[in-house]
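Residue numbers (the numbering used here): 98 to 1174. By construction, the Cβ of each residue, glycine as well, lies at the ideal position given by its N, Cα and C atoms. Report on the following structure.
Listed below in structure tokens is the structure:
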């Protein structure tokens, strides 16, 4: 035993020492067995513990990584690991010049292949050689294999092999070498082209006079924060691409300016700063936990977000301010090696942004595209082919381009932030609308509008731009607007038809006096902002195919934009969901939209200079300056100003036009009217009032549509007005929903993607986003896609990674049937004239999803009609929950859905019922919430508060229509699912199921699982007359008796105090005096 304990610990990764330790251990075990000492579990663990502390640090770390933390390894497993470790060390340290006999011995001692477990090395494994370079690297990372020698249980830093990559001579195996892309136009190597993540279609900013081919690599990301993609420039082995750098002076915490080196990156949507630079400046940062994925799937996280203010390194009046993400490191040294001084002599007569651009130095700050493009002035100076160029900027002349180099390194520098906002918006569309209180900024915007709006002599409204900060902080914007004008002219010159539409749009602005020429005397007015503009094509529009959009977010020389200084304003119109619900209760539906609504509202003359633009009809004409004198699409406040003005018109004219005023307040979504009336006569009056009221405010309604088109013949007598009435029998779009006015039904037209051999998560989400169903009428089909998408997220599929065969087969089957949804129709009008209306809500849950659906039941003298009104679905959370909890979540979803739906129904509701097939959920809802665990208690309290006037009842699972929305239904089966369209059969009869459930023992047991844990305190007070006598007889010492009584009194007091407040020290004088009393 003494000899075993005194074994010398390993000094390093030595195969000889490891083998000696194995031999000593086995010898000791055999000795114990010869003495008939049984090696039990305790002894095995003790011996393993002793040996483990004899190992060197690296071997101990590899052993701990090999075994799971919740399993105690055995001695035999440790010895087997040590034997494998010794063979790996022997294999990695073998040399080429050893004798043949030694080589044969080493060959026999090689470990098994970690991929296929056969008797050969990983470098000779056929399965490994068939993988792409990316897949090989991922396998090596995940299986603790050395990147250099391809053996297990040690890292590249501990690798003693002297072999290097035969291609680049760097410390990695040749099989893991990524072939660089040549600038001569040849394609990437086979390994690189096998990666599905590479794309050549990403836009890359290039200076005007320099031709530079680029490709991009898109890195997918499953996180819900930030995704970063990188662009690889094609460079030849002896050419280095100079990246645009500049020296700037950044204001520190104490008001001083310190020199920092920045990189101008036109491919980055965010600006970055290193932690070291931020610490040097002494600036504070806010928390921002954002994951960044770079080339090769290398991940990093931002340390926060901060604001910096900087100026050029030379005397200048320009000052810039921006937000930057804090990271540990942005990029390596730039340039990657010092260049010849002759490159500096080429530009010695220019004021350079980075005077030492030719010397390798670190980068402190990266400026994104929001600053890079506004800083560039467009003037370019070229020094010839294969030589650097210079671009003029606000920071001085920036140097970039090609320079001779002996380093064939491939450099990466295009950062692209892709937020998951689009995915969040997709889920928000399916959420139940909820009201939120106005923020202080929204209240200020509302008050400012009420105080400053006015009307001119023609009745048109005049509004002020709601600034949240002084607009004088805006810098120069004219040069940027000029560059953008030149750019749009070059783009339009390639498409004459588009150019003509653009001219027509701008000429219409001029002819309607919605933009006016700026007088020459005011051209140099300092307080002004120039809006760049561009074209947006909408082929689906029946009126305006091309619309010119103005860019109010374009940064000025100060780093601020017009939209930065404007308040956005609150929402003043109902939610889309509520408008569509109301649209289904009108017997006669009426739709229209406001013609050029934004441009019918004037902007106050004091604010029009903040809406200047530059325009000319052709590149041969001189550029002229104009003012936009109406609310401009592209400014942050435009949606609020237009909708709030429409609301103000309704409030001002409520006495003269009550029907039109109510419809404007309740049935408008931006500029679209989805209203109606209960009768034909009321509809005629509504249309008449709407036309007259809108004209008084300077607005004009067009594209009138109705399921009763005859009402327009009585209203629009003038033939010119009839041109604005839609009288076709075909389908049309109302707020994105397909509606057939002649049949008065909703239709869904989904254009599926072409069937492909492989499918990706990106393709699945793209197809899902095309199914626009805000009312949840197609929930059984939509939840099918949601469940599949959740499985893709759980499987951690990248955006462009091919799906597994099983998932591809499921998705292909569903996609083949998507076009069948066009045969599914839902009636728009869900009521009956002069009928009693009831609302019935159903909820259900499965392990995959839960659903809530609402039906309208109309009872008339001769018949009963039941129609699906709306539904919502949710996929089950990733954290596994019990089925009763999911049933409770479905009940809460139904409660929220009823809360959002009932106020939108403009008819009298006689009764409201809620149905669930979960007896546990119904029992919870009939009890006090405080009895249950927080998960159940919080939801029960919410449901009881939201549905205090709703009758909760039990329904059989086979008769619950919400069950259709919990498992998913293919389109072929949805058309035949009468339960989903019309609810259970008993809804169309005069009697409801009256299935009462009793709280049986099984139900009590299931409910008790969620019961709150309570502790009970029992106090017993015993009164005995002989107590005092016994105490006095037991103790003969007065002092001892007094101390015992004091301790008893302390115990009584401590029982009523918290643990941290209880007394435990010596008795005090006060306690002794109290005991004596």
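query: Taking DSSP as the reference, what is the three-state secondary structure of residue 802?
result: Along the chain shown, one-based indexing puts residue 802 at 705. It is a strand residue.
Check your understanding: Under the rule that 16 or more other beta-carbon atoms within 10 Å means buried, what is residue 358, buried or exposed?
Key -> As a first step, residue 358 is located in the chain shown; it is residue number 261 there, counting from the start. Residue 358 comes out buried.
- Item | Span separating the alpha-carbon of residue 218 from that of residue 248 | For the purposes of this step, residue 218 is taken as residue 121 along the chain shown, with counting starting at 1. For the purposes of this step, residue 248 is taken as residue 151 along the chain shown, with counting starting at 1. Between the alpha carbons of residue 218 and residue 248 lies a distance of about 8 Å.
Spatial neighbours of residue 797 within its chain, please: CB distance less than 6 Å, with the 5 preceding and 5 following residues excluded, ordered by chain position. Locating residue 797 in the chain shown gives position 700, counting from the first residue. Answer for residue 797: 692, listed in chain order.
_Per-residue burial, residue 1008 [other beta carbons within 10 Å of its own, 16 or more giving buried]_ = Taking the first residue of the chain shown as position 1, residue 1008 is located at position 911. Residue 1008 comes out exposed.
- request: Give the secondary structure of residue 633 by DSSP, where H, G and I count as helix, E and B as strand, and everything else as coil.
  value: As a position in the chain shown, residue 633 is number 536, starting the count at 1. Of the three classes helix, strand and coil, the one that applies to residue 633 here is strand, per DSSP.
Report task. List the whole-angstrom C-beta distance separating residue 1047 from residue 1090, where the pair is believed to meet the contact cut-off of C-beta under 8 Å. Result -> Here residue 1047 refers to the residue found at position 950 of the chain shown. Here residue 1090 refers to the residue found at position 993 of the chain shown. No, residue 1047 and residue 1090 are not in contact; Cβ-Cβ is about 17 Å, not under 8 Å.
Count the other C-beta atoms from every protein chain shown that fall within 10 angstroms of the C-beta of residue 417, then say buried if there are 16 or more, exposed otherwise. Looking up residue 417 in the chain shown gives position 320. Here residue 417 is buried. Its C-beta has 16 or more other C-beta atoms within 10 Å.
ask   = Any chance the stretch 844-858 sits against the stretch 1017-1036, with 3 or more Cβ pairs inside 8 Å?
value = Verdict: no, contact absent.
Am I right that residue 769 and residue 832 are in contact with their C-beta atoms under 8 Å? What's the rounded C-beta distance? Within the chain shown, residue 769 is the residue found at index 672, counting from 1. Within the chain shown, residue 832 is the residue found at index 735, counting from 1. Confirmed, about 6 Å.
**OP:** For residue 742, collect the residues of the same chain with a Cβ closer than 6 Å to its Cβ; drop the 5 residues on either side in sequence, then sort them by chain order.
**Re:** The residue labelled residue 742 in the question sits at position 645 within the chain shown. Result list for residue 742: 558, 698, in chain order.
- How big is the Cα-Cα spacing for residue 51 and residue 535? The structure shown has nothing for residue 51, since the chain only spans 98 to 1174.
Determine whether the beta carbon atoms of residue 684 and residue 550 lie at a separation below 8 Å.
Looking up residue 684 in the chain shown gives position 587. Looking up residue 550 in the chain shown gives position 453. No, these two residues do not count as a Cβ contact at 8 Å.
Point to revise | Straight-line gap, residue 1173 to residue 1028 (C-alpha atoms, nearest Å) | key: Within the chain shown, the letter at position 1076 stands for residue 1173. Within the chain shown, the letter at position 931 stands for residue 1028. Between residue 1173 and residue 1028, the C-alpha separation is close to 46 Å.
* What does a CB cutoff of less than 8 Å around residue 1146 pick up in its chain, not counting 5 residues either side in sequence? -> Looking up residue 1146 in the chain shown gives position 1049. 1168, 1171, 1172, listed in sequence order.
- Message: Closer than 8 Å is the cut-off here; do at least three beta carbon pairs connect the stretch 767-787 with the stretch 797-814?
- Response: yes
Just to confirm the assignment: which complete alpha helix (DSSP H) runs, minimum length 4, are found wholly within the stretch 870-932?
Runs found: 876-891, 902-914.
Do residue 934 and residue 1004 come within 8 Å of each other at the CB atom, strictly closer than that value? By 1-based counting over the chain shown, the position of residue 1004 is 907. By 1-based counting over the chain shown, the position of residue 934 is 837. The answer is yes: Cβ separation under 8 Å.
(Q) Let's see if you can read the secondary structure: which residues bound the beta strand (DSSP E) around residue 348? (A) As a first step, residue 348 must be located in the chain shown, where it is residue number 251. Counting along the chain, the beta strand (DSSP E) containing residue 348 begins and ends at 342-348.
**Asked** What does a CB cutoff of less than 6 Å around residue 919 pick up in its chain, not counting 5 residues either side in sequence?
**Response** Position 822 of the chain shown, counted from the start, is the residue given in the question as residue 919. Sequence-distant Cβ neighbours of residue 919 in its own chain, meaning closer than 6 Å and more than five residues away, are 846.
* Grouping DSSP H, G and I as helix and E and B as strand, with all else coil, what is residue 777? -> Here residue 777 refers to the residue found at position 680 when the chain shown is read from its first residue. Three-state DSSP puts residue 777 in a helix.
**Message:** What residue range does the beta strand (DSSP E) around residue 648 cover?
**Reply:** Looking up residue 648 in the chain shown gives position 551. First-last for residue 648: undefined, no H or E at that position.
**Study point:** residue 383 in three-state terms, based on DSSP
**Key:** If you number the chain shown from 1, residue 383 lands on position 286. Strand, per DSSP.
Exercise. Find the nearest neighbour of residue 687 within the set 808, 666, 184, 889, judged by alpha-carbon distance.
Key: Along the chain shown, one-based indexing puts residue 687 at 590. Its Cα nearest to that of residue 687, the residue 808 stands out among 808, 666, 184, 889.
Q.
Using 8 Å for Cβ pairs, my map puts residue 121 next to residue 104. What's the rounded Cβ distance?
A. Counting from one through the chain shown, the residue named residue 121 turns up at place 24. Counting from one through the chain shown, the residue named residue 104 turns up at place 7. Right, the Cβ-Cβ distance comes to about 6 Å (below 8 Å), so this counts as a contact.
- Query: What number of angstroms, rounded off, separates the C-alpha of residue 403 from the C-alpha of residue 420?
  - Reply: Along the chain shown, one-based indexing puts residue 403 at 306. Along the chain shown, one-based indexing puts residue 420 at 323. The alpha-carbon atoms of residue 403 and residue 420 are separated by roughly 6 Å.
Note to self: Can you list, in chain order, the residues of its chain with a C-beta nearer than 6 Å to that of residue 634? Leave out the 5 residues immediately preceding and following it.
What the structure shows: Position 537 of the chain shown, counting from 1, holds the residue named residue 634. Closer than 6 Å at the Cβ level, and outside the excluded window around residue 634, lie 643.
| When the Cα of residue 1001 is compared with those of 601, 673, 956, which residue comes out closest? | To locate residue 1001, count along the chain shown from 1; it is residue 904. The alpha carbon of residue 1001 has as its nearest neighbour, out of 601, 673, 956, the alpha carbon of 673.
### Message
Using CA atoms only, rank isn't needed, just tell me which of 783, 838, 839 is closest to residue 813.
### Response
Numbered from 1 along the chain shown, position 716 holds the residue referred to as residue 813. Out of 783, 838, 839, 783 has the C-alpha closest to the C-alpha of residue 813.
Can you tell me whether residue 376 sits near the ligand SAH, meaning its C-beta is under 7 Å from at least one heavy atom of the ligand?
The model depicted lacks the ligand SAH and carries no ligand whatsoever.
Can you tell me whether residue 234 is buried or exposed, with buried defined as 16 or more other CB within 10 angstroms of its CB?
For this step, residue 234 is matched to residue 137 along the chain shown. Per the 10 Å Cβ criterion, buried.
Kindly identify the DSSP beta-bridge partner or partners of residue 723. Locating residue 723 in the chain shown gives position 626, where the first residue counts as 1. Note: residue 723 sits in a beta bridge opposite 614, 710.
In this structure, how does DSSP classify residue 146 when only helix, strand and coil are distinguished? Numbered from its first residue, the chain shown carries residue 146 at position 49. Looking at residue 146 - three-state DSSP - the assignment turns out to be helix.
- request: Label residue 1065 either buried or exposed according to how many other C-beta atoms from any shown protein chain fall within 10 Å of its C-beta, with 16 as the threshold for buried.
  value: Looking up residue 1065 in the chain shown gives position 968. Residue 1065 is buried by the Cβ-count criterion.
*If you run the structure through DSSP and keep just helix, strand and coil, what is residue 114?*
In the chain shown, residue 114 corresponds to position 17, counting from 1. For residue 114, the secondary structure class from DSSP, reduced to helix, strand or coil, is helix.
Exercise for review: Note the first and the last residue of the continuous alpha helix (DSSP H) segment covering residue 1016.
Suggested key: The residue labelled residue 1016 in the question sits at position 919 within the chain shown. Unbroken alpha helix (DSSP H) run through residue 1016: 1016-1022.
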